[in-house]
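Engineer: Numbered continuously in my numbering, the sequence shown closes out at residue 55. Every residue gets a Cβ at the ideal spot worked out from N, C-alpha and C, and that includes glycine. Bear in mind the structure is a predicted one, so any value in this text is a computation, not a measurement. The structure under discussion is supplied below as structure tokens; questions concerning it will follow.
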Amino acid sequence: IGASVETSADTIDYAHENGIYVMMWGAKSDIGNKQALKLNPDILQTDKPIPLLMLLDRMNHE
């Protein structure tokens, strides 16, 4: 299912319990990215991947 960062954790947990993958979007800031990651989506879609990669300590480019 598709979900925004405003989706409740209960909804995402329900989807996961029923074998449904969750794709999340709408995280437009570092705070939004952190909020989205706490909700444990399977996919996090973003227009700005570099801040998210830095948050996850996955940047390997100088």
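Considering only C-alpha positions, which residue in the set 3, 6, 27 is nearest to residue 49?
Structural biologist: Position 56 of the sequence shown, counting from 1, holds the residue named residue 49. It is 27 whose Cα lies nearest to the Cα of residue 49.
Engineer: Around the Cβ of residue 42, are there at least 16 other Cβ atoms within 10 angstroms (buried) or fewer (exposed)?
Structural biologist: If you number the sequence shown from 1, residue 42 lands on position 49. The residue in question, residue 42, is exposed, as its Cβ has fewer than 16 Cβ neighbours within 10 Å.
Engineer: In whole angstroms, give me the CA-to-CA distance for residue 4 and residue 14.
Structural biologist: Taking the sequence shown and counting its residues from 1, one reaches residue 4 at position 11. Taking the sequence shown and counting its residues from 1, one reaches residue 14 at position 21. When rounded, the distance between both Cα atoms is 12 Å.
Engineer: In terms of alpha-carbon separation, which member of -5, 52, 20, 25 lies closest to residue 9?
Structural biologist: Position 16 of the sequence shown, counted from the first residue, corresponds to residue 9. Considering only alpha carbons, the answer is -5.
Engineer: Can you give me the C-alpha to C-alpha distance between residue 63 and residue 52, rounded to a whole angstrom?
Structural biologist: The requested residue 63 does not occur in the structure, where the chain is confined to residues -6 to 55.
Engineer: Leaving out five residues before and five after residue -1 in sequence, what residues of the same chain have Cβ atoms less than 8 Å from its Cβ?
Structural biologist: Residue numbering aside, residue -1 sits at position 6 when the sequence shown is read from its first letter. Cβ within range, chain order: 19.
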